[in-house]
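Numbering (our numbering), first residue to last: 612 to 1194.
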(Lines of atoms letter the chains of each structure in order from A and count residues from 1; the text may use other names and numbers.)
(Lines give C-alpha, C1' and ligand atoms only; values in the text may rest on other atoms or scores of the structure.)
Protein backbone atom coordinates (compact mmCIF):
# COMPACT_ATOMS: atom_id res chain seq x y z
CA UNK A 1 0.00 0.00 0.00
CA UNK A 2 2.80 2.41 0.86
CA UNK A 3 4.56 1.74 -2.46
CA UNK A 4 1.29 2.32 -4.35
CA UNK A 5 0.76 5.63 -2.53
CA UNK A 6 4.31 6.68 -3.34
CA UNK A 7 3.83 5.70 -7.00
CA UNK A 8 0.70 7.85 -7.16
CA UNK A 9 2.59 10.74 -5.54
CA UNK A 10 5.40 10.51 -8.10
CA UNK A 11 2.95 10.37 -11.00
CA UNK A 12 1.22 13.48 -9.67
CA UNK A 13 4.58 15.25 -9.29
CA UNK A 14 5.54 14.21 -12.83
CA UNK A 15 2.28 15.61 -14.21
CA UNK A 16 2.73 18.85 -12.27
CA UNK A 17 6.34 19.14 -13.41
CA UNK A 18 5.49 18.58 -17.08
CA UNK A 19 2.56 21.00 -16.95
CA UNK A 20 4.75 23.57 -15.22
CA UNK A 21 7.53 23.26 -17.79
CA UNK A 22 5.39 23.42 -20.90
CA UNK A 23 3.00 26.08 -19.58
CA UNK A 24 6.02 28.22 -18.72
CA UNK A 25 7.74 27.50 -22.05
CA UNK A 26 4.52 28.30 -23.93
CA UNK A 27 4.26 31.60 -22.06
CA UNK A 28 7.91 32.40 -22.77
CA UNK A 29 7.33 31.67 -26.44
CA UNK A 30 4.33 34.01 -26.58
CA UNK A 31 6.25 36.84 -24.96
CA UNK A 32 9.36 36.21 -27.06
CA UNK A 33 7.30 36.57 -30.25
CA UNK A 34 5.34 39.55 -28.90
CA UNK A 35 2.17 37.44 -29.06
CA UNK A 36 2.79 36.36 -32.63
CA UNK A 37 3.94 39.64 -34.18
CA UNK A 38 7.58 38.49 -34.32
CA UNK A 39 8.71 35.27 -36.00
CA UNK A 40 11.66 33.35 -34.56
CA UNK A 41 13.96 31.57 -37.01
CA UNK A 42 16.92 29.41 -36.04
CA UNK A 43 19.85 29.82 -38.44
CA UNK A 44 22.93 27.79 -39.25
CA UNK A 45 25.50 29.86 -41.12
CA UNK A 46 28.93 28.86 -42.42
CA UNK A 47 32.03 31.04 -42.18
CA UNK A 48 34.68 31.45 -44.86
CA UNK A 49 36.74 28.96 -42.88
CA UNK A 50 33.94 26.39 -43.21
CA UNK A 51 32.80 26.55 -39.56
CA UNK A 52 29.16 26.45 -38.48
CA UNK A 53 27.75 29.43 -36.61
CA UNK A 54 24.41 28.97 -34.83
CA UNK A 55 22.22 32.06 -34.84
CA UNK A 56 18.68 33.17 -34.18
CA UNK A 57 16.64 35.75 -36.10
CA UNK A 58 13.80 37.86 -34.73
CA UNK A 59 11.70 38.88 -37.75
CA UNK A 60 8.85 41.37 -37.12
CA UNK A 61 5.70 41.13 -39.23
CA UNK A 62 5.59 43.64 -42.04
CA UNK A 63 9.31 43.55 -42.77
CA UNK A 64 9.70 42.71 -46.48
CA UNK A 65 11.50 43.84 -49.60
CA UNK A 66 9.08 46.72 -50.09
CA UNK A 67 9.25 47.84 -46.46
CA UNK A 68 12.69 46.82 -45.22
CA UNK A 69 13.32 47.14 -41.49
CA UNK A 70 16.48 48.33 -39.71
CA UNK A 71 18.81 45.48 -38.77
CA UNK A 72 20.65 44.78 -35.51
CA UNK A 73 23.36 42.18 -34.86
CA UNK A 74 23.37 41.32 -31.13
CA UNK A 75 26.39 39.50 -29.69
CA UNK A 76 26.71 37.85 -26.27
CA UNK A 77 29.72 37.99 -23.98
CA UNK A 78 32.20 35.23 -23.17
CA UNK A 79 31.10 31.80 -21.93
CA UNK A 80 27.51 32.27 -23.05
CA UNK A 81 25.08 31.90 -25.97
CA UNK A 82 22.74 33.72 -28.34
CA UNK A 83 20.00 33.54 -25.71
CA UNK A 84 21.94 35.88 -23.40
CA UNK A 85 20.90 38.76 -25.67
CA UNK A 86 17.23 37.75 -25.66
CA UNK A 87 16.01 40.71 -23.63
CA UNK A 88 17.59 43.28 -25.94
CA UNK A 89 16.64 41.32 -29.07
CA UNK A 90 13.04 40.89 -27.99
CA UNK A 91 12.50 44.57 -27.22
CA UNK A 92 14.13 45.71 -30.47
CA UNK A 93 12.06 43.22 -32.50
CA UNK A 94 8.86 44.47 -30.84
CA UNK A 95 9.67 47.89 -32.26
CA UNK A 96 10.18 46.69 -35.82
CA UNK A 97 13.89 45.85 -35.99
CA UNK A 98 15.17 42.64 -37.57
CA UNK A 99 17.55 41.23 -34.95
CA UNK A 100 20.06 38.41 -35.32
CA UNK A 101 21.82 37.04 -32.25
CA UNK A 102 24.50 34.39 -32.59
CA UNK A 103 26.59 31.92 -30.67
CA UNK A 104 30.14 33.17 -31.01
CA UNK A 105 32.68 30.70 -32.39
CA UNK A 106 33.42 27.95 -29.84
CA UNK A 107 30.40 28.97 -27.74
CA UNK A 108 27.19 26.95 -27.22
CA UNK A 109 25.99 25.47 -30.55
CA UNK A 110 28.62 27.02 -32.84
CA UNK A 111 31.65 25.08 -34.04
CA UNK A 112 34.81 25.00 -32.00
CA UNK A 113 37.05 27.18 -34.14
CA UNK A 114 38.84 30.46 -34.61
CA UNK A 115 36.89 32.76 -36.93
CA UNK A 116 37.11 36.41 -37.87
CA UNK A 117 35.74 38.42 -34.95
CA UNK A 118 34.27 35.27 -33.33
CA UNK A 119 32.01 34.61 -36.31
CA UNK A 120 30.29 38.01 -36.27
CA UNK A 121 31.72 38.92 -39.69
CA UNK A 122 30.09 35.88 -41.31
CA UNK A 123 26.72 36.68 -39.72
CA UNK A 124 26.96 40.33 -40.78
CA UNK A 125 27.70 39.22 -44.32
CA UNK A 126 24.51 37.15 -44.19
CA UNK A 127 22.49 40.10 -42.90
CA UNK A 128 23.62 42.23 -45.84
CA UNK A 129 22.01 39.69 -48.22
CA UNK A 130 18.52 40.07 -46.70
CA UNK A 131 16.22 42.21 -48.83
CA UNK A 132 13.85 42.78 -45.90
CA UNK A 133 16.65 44.51 -43.97
CA UNK A 134 17.30 48.18 -44.73
CA UNK A 135 21.01 48.18 -45.57
CA UNK A 136 21.25 51.91 -44.84
CA UNK A 137 20.14 51.35 -41.23
CA UNK A 138 22.37 48.71 -39.71
CA UNK A 139 23.50 48.55 -36.08
CA UNK A 140 25.58 46.21 -33.93
CA UNK A 141 25.75 45.68 -30.19
CA UNK A 142 27.85 43.43 -28.01
CA UNK A 143 27.97 42.59 -24.33
CA UNK A 144 31.36 42.27 -22.61
CA UNK A 145 33.63 40.24 -24.94
CA UNK A 146 30.94 40.70 -27.59
CA UNK A 147 32.12 44.30 -27.96
CA UNK A 148 34.42 42.85 -30.64
CA UNK A 149 31.43 43.29 -32.97
CA UNK A 150 32.13 47.05 -32.99
CA UNK A 151 35.73 46.35 -34.01
CA UNK A 152 34.32 44.09 -36.72
CA UNK A 153 32.21 46.99 -37.97
CA UNK A 154 35.28 49.21 -38.00
CA UNK A 155 37.27 46.62 -39.95
CA UNK A 156 34.48 46.16 -42.51
CA UNK A 157 33.43 49.60 -43.77
CA UNK A 158 31.75 47.93 -46.77
CA UNK A 159 28.88 46.91 -44.45
CA UNK A 160 28.06 50.57 -43.84
CA UNK A 161 27.14 49.99 -40.20
CA UNK A 162 25.88 53.27 -38.74
CA UNK A 163 25.50 52.49 -35.03
CA UNK A 164 27.42 50.41 -32.52
CA UNK A 165 26.88 49.77 -28.82
CA UNK A 166 29.13 48.17 -26.25
CA UNK A 167 27.40 46.85 -23.15
CA UNK A 168 29.49 46.38 -20.03
CA UNK A 169 32.74 47.21 -21.80
CA UNK A 170 34.62 50.02 -23.48
CA UNK A 171 35.63 50.34 -27.10
CA UNK A 172 38.92 50.76 -28.96
CA UNK A 173 37.37 52.07 -32.17
CA UNK A 174 39.33 54.98 -33.67
CA UNK A 175 37.67 58.40 -33.15
CA UNK A 176 37.59 59.13 -36.90
CA UNK A 177 35.90 55.81 -37.82
CA UNK A 178 32.50 56.57 -39.39
CA UNK A 179 30.35 54.62 -36.95
CA UNK A 180 28.34 56.19 -34.14
CA UNK A 181 29.21 54.46 -30.87
CA UNK A 182 27.47 54.41 -27.50
CA UNK A 183 29.22 52.86 -24.47
CA UNK A 184 27.14 51.56 -21.56
CA UNK A 185 29.05 50.67 -18.39
CA UNK A 186 26.98 50.04 -15.27
CA UNK A 187 27.56 52.02 -12.08
CA UNK A 188 28.01 48.65 -10.32
CA UNK A 189 29.90 46.81 -13.06
CA UNK A 190 32.13 44.41 -11.13
CA UNK A 191 34.10 43.70 -14.31
CA UNK A 192 35.44 47.26 -14.47
CA UNK A 193 38.90 47.88 -13.07
CA UNK A 194 42.50 48.70 -13.99
CA UNK A 195 43.46 47.39 -17.42
CA UNK A 196 46.92 48.10 -18.76
CA UNK A 197 47.60 51.79 -18.44
CA UNK A 198 44.10 52.53 -17.11
CA UNK A 199 45.27 52.40 -13.49
CA UNK A 200 43.02 55.36 -12.65
CA UNK A 201 39.98 53.14 -13.23
CA UNK A 202 39.64 51.34 -9.91
CA UNK A 203 36.10 50.24 -10.64
CA UNK A 204 32.82 51.40 -12.21
CA UNK A 205 32.94 54.63 -10.22
CA UNK A 206 35.96 55.64 -12.30
CA UNK A 207 34.86 54.32 -15.71
CA UNK A 208 34.72 57.83 -17.13
CA UNK A 209 38.47 58.20 -16.42
CA UNK A 210 39.44 55.43 -18.86
CA UNK A 211 42.35 56.51 -21.05
CA UNK A 212 41.36 53.92 -23.65
CA UNK A 213 37.83 55.29 -23.88
CA UNK A 214 39.11 58.86 -23.98
CA UNK A 215 41.22 57.95 -27.01
CA UNK A 216 38.21 56.40 -28.77
CA UNK A 217 36.25 59.57 -28.01
CA UNK A 218 38.99 61.74 -29.47
CA UNK A 219 39.85 63.43 -26.17
CA UNK A 220 43.33 64.70 -25.33
CA UNK A 221 45.35 62.75 -22.77
CA UNK A 222 44.23 63.46 -19.20
CA UNK A 223 40.73 64.66 -20.11
CA UNK A 224 37.79 62.69 -18.72
CA UNK A 225 34.54 61.73 -20.42
CA UNK A 226 31.33 63.43 -19.34
CA UNK A 227 28.43 60.96 -19.29
CA UNK A 228 25.64 61.94 -21.65
CA UNK A 229 27.74 64.52 -23.50
CA UNK A 230 28.07 64.10 -27.26
CA UNK A 231 31.58 63.85 -28.73
CA UNK A 232 32.51 63.69 -32.39
CA UNK A 233 30.17 64.61 -35.24
CA UNK A 234 26.71 63.34 -36.11
CA UNK A 235 27.11 64.65 -39.63
CA UNK A 236 30.24 62.55 -40.14
CA UNK A 237 28.85 59.55 -38.24
CA UNK A 238 31.58 59.80 -35.59
CA UNK A 239 29.29 60.45 -32.61
CA UNK A 240 30.58 59.08 -29.30
CA UNK A 241 28.45 58.77 -26.16
CA UNK A 242 28.78 57.14 -22.74
CA UNK A 243 26.06 56.35 -20.21
CA UNK A 244 26.10 54.50 -16.90
CA UNK A 245 22.86 52.70 -16.08
CA UNK A 246 22.47 51.51 -12.49
CA UNK A 247 23.43 47.86 -12.86
CA UNK A 248 26.31 45.38 -12.72
CA UNK A 249 28.10 43.53 -15.50
CA UNK A 250 25.69 40.62 -16.02
CA UNK A 251 22.95 42.88 -14.71
CA UNK A 252 23.29 44.90 -17.91
CA UNK A 253 21.47 42.10 -19.71
CA UNK A 254 18.54 42.50 -17.31
CA UNK A 255 18.51 46.27 -16.90
CA UNK A 256 15.34 48.08 -17.98
CA UNK A 257 17.33 51.28 -17.89
CA UNK A 258 20.14 49.86 -20.02
CA UNK A 259 17.72 48.37 -22.58
CA UNK A 260 15.86 51.69 -22.70
CA UNK A 261 19.12 53.57 -23.35
CA UNK A 262 20.00 51.15 -26.17
CA UNK A 263 16.57 51.61 -27.74
CA UNK A 264 16.88 55.39 -27.54
CA UNK A 265 20.37 55.47 -29.06
CA UNK A 266 19.65 53.06 -31.90
CA UNK A 267 16.32 54.74 -32.63
CA UNK A 268 18.00 58.12 -32.77
CA UNK A 269 20.88 57.05 -35.04
CA UNK A 270 18.91 54.72 -37.32
CA UNK A 271 15.94 57.05 -37.60
CA UNK A 272 13.38 54.79 -35.96
CA UNK A 273 10.38 56.50 -34.39
CA UNK A 274 9.93 54.97 -30.94
CA UNK A 275 6.13 55.07 -30.99
CA UNK A 276 6.31 52.35 -28.35
CA UNK A 277 7.84 53.93 -25.27
CA UNK A 278 11.34 52.62 -24.53
CA UNK A 279 10.31 51.91 -20.94
CA UNK A 280 7.47 49.63 -22.11
CA UNK A 281 9.30 46.32 -21.76
CA UNK A 282 7.89 42.82 -21.34
CA UNK A 283 11.06 40.73 -21.38
CA UNK A 284 10.87 40.17 -17.61
CA UNK A 285 7.78 38.00 -18.08
CA UNK A 286 9.75 35.72 -20.38
CA UNK A 287 12.64 35.56 -17.92
CA UNK A 288 10.28 34.59 -15.09
CA UNK A 289 8.64 31.98 -17.33
CA UNK A 290 11.95 30.33 -18.27
CA UNK A 291 12.98 30.34 -14.60
CA UNK A 292 9.72 28.57 -13.72
CA UNK A 293 10.42 26.08 -16.51
CA UNK A 294 13.88 25.52 -15.01
CA UNK A 295 12.32 24.68 -11.65
CA UNK A 296 9.74 22.45 -13.34
CA UNK A 297 12.56 20.60 -15.06
CA UNK A 298 13.90 19.41 -11.71
CA UNK A 299 10.41 18.54 -10.47
CA UNK A 300 10.31 16.12 -13.41
CA UNK A 301 13.72 14.73 -12.43
CA UNK A 302 12.62 14.00 -8.86
CA UNK A 303 9.40 12.41 -10.11
CA UNK A 304 11.20 10.17 -12.62
CA UNK A 305 13.66 9.03 -9.96
CA UNK A 306 10.79 8.33 -7.55
CA UNK A 307 8.82 6.35 -10.15
CA UNK A 308 11.83 4.27 -11.14
CA UNK A 309 12.63 3.46 -7.51
CA UNK A 310 8.99 2.51 -6.92
CA UNK A 311 9.23 0.20 -9.92
CA UNK A 312 12.61 -1.29 -8.95
CA UNK A 313 11.81 -1.81 -5.28
CA UNK A 314 15.07 -3.61 -4.57
CA UNK A 315 16.93 -0.31 -5.14
CA UNK A 316 14.96 1.61 -2.51
CA UNK A 317 14.69 1.42 1.26
CA UNK A 318 11.35 0.81 2.94
CA UNK A 319 11.76 3.63 5.44
CA UNK A 320 13.47 6.94 4.72
CA UNK A 321 17.15 6.69 5.53
CA UNK A 322 18.38 8.83 8.41
CA UNK A 323 21.71 10.45 9.06
CA UNK A 324 24.24 9.33 11.59
CA UNK A 325 26.19 12.40 12.71
CA UNK A 326 26.05 13.37 16.38
CA UNK A 327 25.76 17.10 17.09
CA UNK A 328 28.99 17.29 19.09
CA UNK A 329 32.03 19.56 18.84
CA UNK A 330 33.48 17.49 15.98
CA UNK A 331 30.25 17.94 14.01
CA UNK A 332 30.34 21.73 14.26
CA UNK A 333 34.04 21.85 13.42
CA UNK A 334 33.34 19.72 10.36
CA UNK A 335 30.44 21.98 9.41
CA UNK A 336 32.72 25.00 9.62
CA UNK A 337 35.37 23.29 7.49
CA UNK A 338 32.78 22.43 4.85
CA UNK A 339 31.70 26.07 4.69
CA UNK A 340 35.12 27.70 4.79
CA UNK A 341 37.34 25.43 2.66
CA UNK A 342 35.49 26.00 -0.67
CA UNK A 343 35.94 29.76 -0.21
CA UNK A 344 39.73 29.49 0.17
CA UNK A 345 42.14 29.87 -2.75
CA UNK A 346 39.40 30.00 -5.39
CA UNK A 347 41.43 32.16 -7.76
CA UNK A 348 44.67 30.23 -7.24
CA UNK A 349 43.08 26.80 -7.74
CA UNK A 350 41.04 28.02 -10.69
CA UNK A 351 44.15 29.36 -12.41
CA UNK A 352 46.18 26.25 -11.55
CA UNK A 353 43.38 24.01 -12.87
CA UNK A 354 43.27 25.75 -16.22
CA UNK A 355 47.05 25.39 -16.60
CA UNK A 356 47.03 21.76 -15.39
CA UNK A 357 44.42 20.48 -17.85
CA UNK A 358 45.75 22.63 -20.67
CA UNK A 359 49.14 20.96 -20.19
CA UNK A 360 47.51 17.53 -20.48
CA UNK A 361 45.58 18.28 -23.68
CA UNK A 362 43.81 21.34 -25.03
CA UNK A 363 41.87 19.13 -27.42
CA UNK A 364 40.53 16.82 -24.70
CA UNK A 365 40.01 19.35 -21.90
CA UNK A 366 38.73 22.01 -24.24
CA UNK A 367 36.75 24.14 -21.78
CA UNK A 368 39.18 26.42 -20.01
CA UNK A 369 36.73 27.85 -17.49
CA UNK A 370 35.21 24.47 -16.65
CA UNK A 371 38.71 23.04 -16.18
CA UNK A 372 39.53 25.74 -13.64
CA UNK A 373 36.28 25.41 -11.71
CA UNK A 374 36.23 21.60 -11.56
CA UNK A 375 39.86 21.60 -10.37
CA UNK A 376 38.86 23.97 -7.55
CA UNK A 377 35.82 21.80 -6.75
CA UNK A 378 37.81 18.56 -6.57
CA UNK A 379 40.63 20.10 -4.50
CA UNK A 380 38.06 21.56 -2.08
CA UNK A 381 36.30 18.19 -1.83
CA UNK A 382 39.56 16.37 -1.09
CA UNK A 383 40.47 18.89 1.63
CA UNK A 384 37.02 18.55 3.19
CA UNK A 385 37.27 14.74 3.01
CA UNK A 386 40.62 14.79 4.80
CA UNK A 387 39.24 17.00 7.57
CA UNK A 388 36.14 14.82 7.83
CA UNK A 389 38.18 11.63 8.23
CA UNK A 390 40.45 13.23 10.84
CA UNK A 391 37.45 14.38 12.87
CA UNK A 392 35.89 10.91 12.72
CA UNK A 393 39.18 9.31 13.71
CA UNK A 394 39.43 11.57 16.74
CA UNK A 395 35.79 10.97 17.71
CA UNK A 396 35.81 8.30 20.37
CA UNK A 397 33.75 5.27 19.44
CA UNK A 398 32.78 6.50 15.99
CA UNK A 399 30.71 3.84 14.18
CA UNK A 400 32.47 3.24 10.86
CA UNK A 401 29.89 0.62 9.87
CA UNK A 402 27.54 3.45 8.86
CA UNK A 403 30.13 4.80 6.43
CA UNK A 404 30.69 1.34 4.95
CA UNK A 405 26.93 0.92 4.53
CA UNK A 406 26.58 4.26 2.72
CA UNK A 407 29.51 3.47 0.41
CA UNK A 408 28.63 -0.20 -0.13
CA UNK A 409 29.17 -1.27 -3.73
CA UNK A 410 26.77 -4.05 -4.67
CA UNK A 411 27.22 -4.43 -8.45
CA UNK A 412 23.55 -5.02 -9.28
CA UNK A 413 22.39 -2.12 -7.16
CA UNK A 414 25.07 0.27 -8.36
CA UNK A 415 24.25 -0.56 -11.98
CA UNK A 416 20.59 -0.06 -11.15
CA UNK A 417 21.31 3.37 -9.67
CA UNK A 418 23.32 4.25 -12.77
CA UNK A 419 20.39 3.25 -14.97
CA UNK A 420 17.96 5.38 -12.93
CA UNK A 421 20.30 8.38 -13.15
CA UNK A 422 20.71 8.00 -16.92
CA UNK A 423 16.96 7.75 -17.50
CA UNK A 424 16.24 10.73 -15.24
CA UNK A 425 18.70 12.97 -17.11
CA UNK A 426 17.55 11.70 -20.50
CA UNK A 427 13.99 12.72 -19.62
CA UNK A 428 15.22 16.26 -18.97
CA UNK A 429 17.23 16.25 -22.20
CA UNK A 430 14.09 15.34 -24.15
CA UNK A 431 12.15 18.17 -22.51
CA UNK A 432 14.87 20.68 -23.39
CA UNK A 433 14.78 19.40 -26.97
CA UNK A 434 11.00 19.74 -27.21
CA UNK A 435 11.06 23.25 -25.71
CA UNK A 436 13.52 24.34 -28.37
CA UNK A 437 11.89 22.43 -31.24
CA UNK A 438 8.32 23.64 -30.71
CA UNK A 439 8.82 27.04 -29.06
CA UNK A 440 12.43 28.13 -29.82
CA UNK A 441 12.75 28.73 -26.08
CA UNK A 442 15.86 28.12 -24.03
CA UNK A 443 15.20 26.91 -20.48
CA UNK A 444 17.31 29.16 -18.29
CA UNK A 445 17.56 30.68 -14.83
CA UNK A 446 19.22 34.10 -14.90
CA UNK A 447 22.55 33.34 -16.59
CA UNK A 448 22.35 29.55 -16.18
CA UNK A 449 21.25 27.93 -19.44
CA UNK A 450 20.48 24.35 -20.46
CA UNK A 451 21.47 23.36 -24.01
CA UNK A 452 21.51 20.33 -26.28
CA UNK A 453 24.82 18.78 -27.26
CA UNK A 454 26.70 19.30 -30.46
CA UNK A 455 28.91 16.40 -31.57
CA UNK A 456 32.04 18.15 -30.31
CA UNK A 457 30.52 19.00 -26.95
CA UNK A 458 29.29 15.46 -26.49
CA UNK A 459 32.90 14.34 -26.89
CA UNK A 460 34.05 16.87 -24.30
CA UNK A 461 31.30 15.64 -21.94
CA UNK A 462 33.14 12.31 -21.55
CA UNK A 463 36.42 14.05 -20.72
CA UNK A 464 34.94 15.91 -17.76
CA UNK A 465 32.56 13.16 -16.59
CA UNK A 466 35.14 11.31 -14.40
CA UNK A 467 36.14 14.57 -12.69
CA UNK A 468 32.54 15.40 -11.81
CA UNK A 469 32.02 11.82 -10.60
CA UNK A 470 35.06 12.08 -8.31
CA UNK A 471 33.72 15.34 -6.89
CA UNK A 472 30.16 14.12 -6.30
CA UNK A 473 31.25 10.79 -4.78
CA UNK A 474 33.49 12.59 -2.28
CA UNK A 475 31.09 15.40 -1.47
CA UNK A 476 28.13 12.99 -1.33
CA UNK A 477 29.97 10.80 1.18
CA UNK A 478 31.02 13.76 3.35
CA UNK A 479 27.60 15.38 3.30
CA UNK A 480 25.77 12.14 4.04
CA UNK A 481 28.02 10.90 6.84
CA UNK A 482 29.20 14.20 8.29
CA UNK A 483 26.21 16.52 7.94
CA UNK A 484 22.96 14.57 8.32
CA UNK A 485 22.08 13.82 11.92
CA UNK A 486 19.93 11.05 13.37
CA UNK A 487 16.38 12.27 13.94
CA UNK A 488 17.09 15.53 12.09
CA UNK A 489 13.91 17.02 10.56
CA UNK A 490 13.62 16.55 6.81
CA UNK A 491 13.49 20.29 6.09
CA UNK A 492 16.66 20.77 8.14
CA UNK A 493 18.50 18.09 6.15
CA UNK A 494 17.75 19.85 2.89
CA UNK A 495 18.28 23.41 4.13
CA UNK A 496 21.53 22.70 5.96
CA UNK A 497 22.98 20.77 3.02
CA UNK A 498 22.07 23.56 0.59
CA UNK A 499 23.56 26.25 2.81
CA UNK A 500 26.78 24.35 3.42
CA UNK A 501 27.16 23.84 -0.33
CA UNK A 502 26.83 27.49 -1.31
CA UNK A 503 27.67 29.65 1.72
CA UNK A 504 31.48 29.64 1.18
CA UNK A 505 31.64 30.64 -2.49
CA UNK A 506 28.49 32.71 -1.97
CA UNK A 507 30.24 34.81 0.68
CA UNK A 508 33.16 35.49 -1.68
CA UNK A 509 30.76 36.43 -4.47
CA UNK A 510 28.91 38.73 -2.09
CA UNK A 511 32.17 40.46 -1.13
CA UNK A 512 33.15 40.84 -4.77
CA UNK A 513 29.84 42.22 -6.01
CA UNK A 514 29.29 44.14 -2.79
CA UNK A 515 32.54 46.08 -3.09
CA UNK A 516 31.50 47.38 -6.50
CA UNK A 517 27.86 47.89 -5.60
CA UNK A 518 28.52 49.80 -2.40
CA UNK A 519 31.66 51.82 -3.11
CA UNK A 520 32.11 51.54 -6.88
CA UNK A 521 35.65 50.17 -6.53
CA UNK A 522 36.62 46.63 -7.56
CA UNK A 523 39.01 45.52 -4.82
CA UNK A 524 38.94 41.96 -6.16
CA UNK A 525 39.48 42.80 -9.81
CA UNK A 526 41.88 39.94 -10.48
CA UNK A 527 39.12 37.50 -9.55
CA UNK A 528 36.58 38.72 -12.05
CA UNK A 529 36.71 35.73 -14.40
CA UNK A 530 36.56 32.92 -11.87
CA UNK A 531 33.79 34.58 -9.89
CA UNK A 532 31.79 35.41 -12.98
CA UNK A 533 31.95 31.74 -14.00
CA UNK A 534 31.30 30.59 -10.44
CA UNK A 535 28.08 32.60 -10.35
CA UNK A 536 26.65 30.16 -12.91
CA UNK A 537 27.59 27.21 -10.70
CA UNK A 538 25.81 28.30 -7.52
CA UNK A 539 22.28 27.25 -8.61
CA UNK A 540 23.72 23.88 -9.62
CA UNK A 541 25.48 23.48 -6.26
CA UNK A 542 22.20 24.12 -4.45
CA UNK A 543 20.24 21.74 -6.68
CA UNK A 544 22.98 19.12 -6.40
CA UNK A 545 22.71 19.27 -2.59
CA UNK A 546 18.94 18.67 -2.80
CA UNK A 547 19.41 15.75 -5.20
CA UNK A 548 22.02 14.17 -2.91
CA UNK A 549 19.79 14.30 0.16
CA UNK A 550 16.70 13.25 -1.80
CA UNK A 551 18.43 10.19 -3.29
CA UNK A 552 20.07 9.20 -0.01
CA UNK A 553 16.77 9.30 1.87
CA UNK A 554 15.23 6.92 -0.67
CA UNK A 555 18.16 4.53 -1.14
CA UNK A 556 20.35 4.72 1.97
CA UNK A 557 23.35 5.02 -0.38
CA UNK A 558 25.33 7.85 -1.96
CA UNK A 559 25.50 6.28 -5.42
CA UNK A 560 22.21 7.35 -6.99
CA UNK A 561 22.75 10.97 -5.95
CA UNK A 562 26.37 10.92 -7.11
CA UNK A 563 25.51 9.41 -10.50
CA UNK A 564 22.57 11.75 -11.09
CA UNK A 565 24.52 14.87 -10.16
CA UNK A 566 27.51 13.78 -12.21
CA UNK A 567 25.61 13.17 -15.43
CA UNK A 568 23.29 16.14 -14.99
CA UNK A 569 25.87 18.79 -14.21
CA UNK A 570 28.52 17.50 -16.60
CA UNK A 571 25.87 17.87 -19.30
CA UNK A 572 24.77 21.31 -18.15
CA UNK A 573 28.30 22.70 -17.83
CA UNK A 574 29.77 21.24 -21.04
CA UNK A 575 26.77 21.98 -23.29
CA UNK A 576 27.45 25.72 -23.06
CA UNK A 577 30.44 27.93 -22.49
CA UNK A 578 33.51 28.82 -24.46
CA UNK A 579 35.81 26.12 -25.80
CA UNK A 580 39.44 26.57 -26.63
CA UNK A 581 40.16 26.30 -30.37
CA UNK A 582 41.61 22.94 -31.44
CA UNK A 583 45.34 22.59 -31.94
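Even for Gly, the Cβ is constructed at its ideal location relative to N, Cα and C. These numbers were taken from a predicted model, which means no experiment stands behind them.
What is the rounded straight-line gap between the Cα of residue i and the Cα of residue j?
i, j, result
"residue 990", "residue 1141", "15 Å"
"residue 823", "residue 1102", "53 Å"
"residue 935", "residue 1170", "17 Å"
"residue 678", "residue 1147", "42 Å"
"residue 879", "residue 712", "21 Å"
"residue 612", "residue 929", "Confidence in residue 612 is poor, its pLDDT being 44 and thus under 50, which makes the residue's placement too unreliable to answer from."
"residue 1044", "residue 688", "24 Å"
"residue 866", "residue 644", "20 Å"
"residue 672", "residue 646", "11 Å"
"residue 1087", "residue 1095", "11 Å"
"residue 998", "residue 1006", "12 Å"
"residue 1168", "residue 624", "23 Å"
"residue 864", "residue 945", "39 Å"
"residue 846", "residue 791", "10 Å"
"residue 1035", "residue 1069", "18 Å"
"residue 650", "residue 1017", "53 Å"
"residue 965", "residue 861", "23 Å"
"residue 778", "residue 676", "31 Å"
"residue 959", "residue 983", "9 Å"
"residue 752", "residue 870", "11 Å"
"residue 1186", "residue 1123", "27 Å"
"residue 794", "residue 762", "13 Å"
"residue 1178", "residue 1134", "37 Å"
Leaving out five residues on either side along the sequence, give the residues of the same chain with a beta carbon under 6 Å from the beta carbon of residue i.
i, result
"residue 1282", "Only positions 612 to 1194 of the chain appear in the structure, and residue 1282 is not among them; the question remains open."
"residue 703", "683 and 710"
"residue 975", "1074"
"residue 933", "1097"
"residue 1014", "1092"
"residue 902", "1056"
"residue 669", "649, 700, 704 and 710"
"residue 715", "729 and 730"
"residue 638", "900"
Check the C-beta distance from residue i over to residue j and give it rounded, since I have them as a contact under 8 Å.
i, j, result
"residue 857", "residue 798", "5 Å"
"residue 691", "residue 726", "Rounded, the Cβ-Cβ distance is 17 Å, inconsistent with contact."
"residue 859", "residue 801", "6 Å"
"residue 775", "residue 814", "Not confirmed; about 25 Å, so no contact."
"residue 786", "residue 827", "6 Å"
Taking the alpha-carbon of residue i as reference, which of the options has the nearest alpha-carbon?
i, options, result
"residue 1180", "1132, 1086 and 1080", "1080"
"residue 836", "852, 897, 1156 and 848", "852"
"residue 1067", "1189, 1086 and 1156", "1189"
"residue 898", "746, 919, 793 and 1054", "1054"
"residue 994", "1134, 953 and 1007", "953"
"residue 782", "818, 768, 1071 and 948", "818"
"residue 734", "666, 785 and 692", "666"
"residue 931", "1099, 1186 and 1187", "1099"
"residue 1184", "1083, 956, 1071 and 828", "1071"
"residue 1064", "1106, 893 and 721", "721"
"residue 1032", "893, 635, 918 and 943", "918"
"residue 1106", "771, 951 and 1158", "1158"
At a cut-off of 7 Å, would you count residue i as near the ligand MN, judging by its Cβ distance to the nearest heavy atom?
i, result
"residue 868", "Absence of the ligand MN is noted for the structure shown, with no ligands found whatsoever."
Near residue i, what residues of its chain come up, given a Cβ to Cβ distance below 7 Å and the 5 sequence neighbours on each side ignored?
i, result
"residue 1196", "The chain is shown from 612 up to 1194; residue 1196 falls before or after that span and cannot be answered."
"residue 1039", "908, 911 and 912"
Give me, in chain order, the residues of the same chain whose beta-carbon lies closer than 8 Å to that of residue i; leave out the 5 immediate sequence neighbours on both sides.
i, result
"residue 838", "819, 853, 854 and 855"
* At what residue ranges does the stretch 664 to 736 contain a whole run of the alpha helix (DSSP H), taking only runs of 4 or more? -> 697 to 705
* alpha helix (DSSP H) runs wholly inside the stretch 1011 to 1098, at least 4 long, in chain order -> 1011 to 1018, 1022 to 1050 and 1066 to 1093
* **Contiguous alpha helix (DSSP H) assignments of at least 4 residues, all confined to the stretch 879 to 936** => 894 to 922
* Enumerate, from N- to C-terminal direction, the unbroken alpha helix (DSSP H) stretches of 4 or more residues contained entirely within the stretch 809 to 846. => 822 to 827
* Which parts of the stretch 618 to 659 are runs of the beta strand (DSSP E), unbroken and 3 residues or longer, counting only runs that do not cross its ends? -> 649 to 657
* Complete alpha helix (DSSP H) runs within the stretch 1120 to 1191 (minimum length 4 residues, chain order) -> 1139 to 1166 and 1170 to 1185
* Which residue spans inside the stretch 742 to 785 form an unbroken beta strand (DSSP E) run of at least 3? -> 744 to 754 and 774 to 778
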